[in-house]
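Reviewing the structure listed below.
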């Protein structure tokens, strides 16, 4: 499924919806270049999951893992700097995938071999076809969604929620 | 009090020996040559390197200080925040020495070390003071009331300042470590070439650098879309100007609001020359004394851990449950 996110607000709406639908045990992999909006989406997802607003969801790039208390615990990873699955295992990060929380994983490639097959992969793509004006912004993104969450009718409910907030498909 | 301190929260293993206010030795094992091959800090590599370095480095530090382990009266080690695998190496090593020798042990928060690093100068600040702590993992403003009491006035809501430098370096295709490289190229560029956004967040002392990073990305992509060469030096200079202005204005405001007479900085980004100059200039204008640590004490070091550890021991005594005390990745002081 490919979605068109016209602006930052729509990226946040998508995150919020995923956070509201997520339950303990869900794995969400986030792919996309630097500045594509992975941390922005995770911040909105955290709100949807019930993480307190003043418990800032900051970039995990330095610490690799940040934990937050929500309806279920939120484990926010950034594996950019890890080499391969052996490192994910040795550092004990893979235990979190089965620890009863919601895992959001940025740059998940290094964890590929350790990740459970049932997961959602969301790729945020900067829409380079839109010309950027002088001092202008291009916060338009294409979101590619693959896989599923634990929710039984995930795809159906997800589409209903997207329709309510008028996020369009490509 | 003769103190041995060990620090291993991220890149470097560091050890120091201090006797009250007198620093006898402070050594560091740089690891950037290893990390640069991987485009970032690789934690597992980091912990392996710490493991290899910690014992010889400690011995070399004791030797340089001209003391032996038997003379040491206090052992201090960084408990967090940082990479758990890396922290564990220095912390466990220090704990075991304490356990075997019976020398009292104190845990030190890495951020407390950075907050206090300007006190390693010959003339330190007076309390209370406002301290800006800026590094790859942290951006925060503290009100330091004593050597052991710190109140977080504001912190980052997304990226740390040092991280913003590293990410801008990455999107410009500069080699690791990117932050210092951005600062270096900035000196050749025009800081007014581009007006990048400053995120003020109202009256809050919090920071946000994520929007700035995106704005730089948009600017770079615009040049790439048009097939034009990216003016890297001007981008670096304009980006640095935006970060420096926000850090300076908020720190000054925090000092004026809390009616303190001294401002200090600490952390890796406090080595940034533009930031030091900007803060020094604004402090002079406002009748505030500005204290920047020596460059060697901006980045991670064990001297600041020794200093913080001594004061913590004087105030609260030694760590009681030595074997049950573990490291933490997130600081209670706020990140």
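Chains as they are written, first to last, in the numbering used here: chain A, 8 to 177; chain B, 36 to 370.
Quick reminder that beta carbons are idealized off the backbone N, C-alpha and C, glycines included.
This one's a predicted model, so the numbers in the text were calculated from it and none came from an experiment.
- In the DSSP assignment, residue 324 of chain B falls within the beta strand (DSSP E) that extends over 324-326.
- Under the three-state reduction of DSSP output, residue 189 of chain B falls in the strand class.
- For residue 246 of chain B, the enclosing alpha helix (DSSP H) starts and ends at 245-260.
- Residue-level contact by beta carbon holds for residue 63 of chain A and chain B, with a gap shorter than 7 Å.
- Taking a contact to require three or more Cβ pairs closer than 8 Å, the region 218-229 of chain B and the region 262-271 of chain B qualify as touching.
- In this structure residue 24 of chain A does not touch residue 129 of chain A by the C-beta definition: roughly 11 Å separates them, more than the 8 Å allowed.
- Residue state for residue 99 of chain B is assigned as helix, using DSSP reduced to three classes.
- The criterion of a C-beta distance shorter than 7 Å is not satisfied by residue 129 of chain B and residue 107 of chain B.
- For residue 160 of chain B against residue 324 of chain B, the beta-carbon gap comes to about 7 Å, under 8 Å, which counts as contact.
- Looking at the DSSP output, residue 157 of chain A sits in no beta bridge, so it has no partner there.
- Taking 8 Å as the cut-off between beta carbons, the residues of the region 145-160 of chain A near chain B are 145 and 146, in sequence order.
- Within 8 Å of the CB of residue 72 of chain A, the CB atoms of chain B belong to 364, in sequence order along the chain.
- Annotation: residue 170 of chain B to residue 167 of chain A spans about 43 Å, alpha carbon to alpha carbon.
- Across the region 15-46 of chain A, CB contacts with chain B closer than 7 Å involve 41, 42 and 46, in sequence order along the chain.
- Not flagged as an interface residue toward chain A: residue 213 of chain B, since no C-beta distance is shorter than 7 Å.
- Inclusion of residue 139 of chain A and residue 307 of chain B in the CB contact set at 7 Å is not warranted, their separation being larger than that value.
- Restricted to the region 201-249 of chain B, the alpha helix (DSSP H) segments that are unbroken, complete and at least 4 residues in length are 213-221, listed in chain order.
- Taking the CA atoms as reference points, residue 71 of chain A sits about 5 Å from residue 85 of chain A.
- Residue 205 of chain B has a beta carbon lying within less than 7 Å of a beta carbon in chain A.
- The region 290-328 of chain B is shown to contain whole alpha helix (DSSP H) runs of 4 or more residues at 308-320, in chain order.
- Of the residues assessed, residue 174 of chain A falls on the buried side of the cut-off, its CB having 16 or more other CB atoms within 10 angstroms.
- By the Cβ test, the region 237-247 of chain B is not in contact with the region 331-346 of chain B, since fewer than three Cβ pairs between them sit closer than 8 Å.
- Distance from the Cα of residue 118 of chain B is smallest, within the candidate group A:10, A:100, A:150 and A:91, for A:100.
- At least 7 Å separates the beta-carbon of residue 38 of chain B from that of residue 289 of chain B.
- Here the region 112-122 of chain A makes contact with the region 77-95 of chain A; the two share three or more CB pairs at distances below 8 Å.
- Judged by their CB atoms, residue 175 of chain B and residue 168 of chain B are nearer to each other than the 7 Å cut-off.
- In this structure, DSSP gives residue 152 of chain B a helical state, which the three-state scheme calls helix.
- Annotation for residue 171 of chain B: no alpha helix (DSSP H) segment contains it, and DSSP assigns it neither H nor E.
- A residue is called buried when at least 16 other Cβ atoms come within 10 angstroms of its Cβ; residue 40 of chain B meets this threshold and is buried.
- With a threshold of 7 Å between beta carbons, residue 139 of chain A makes contact with chain B.
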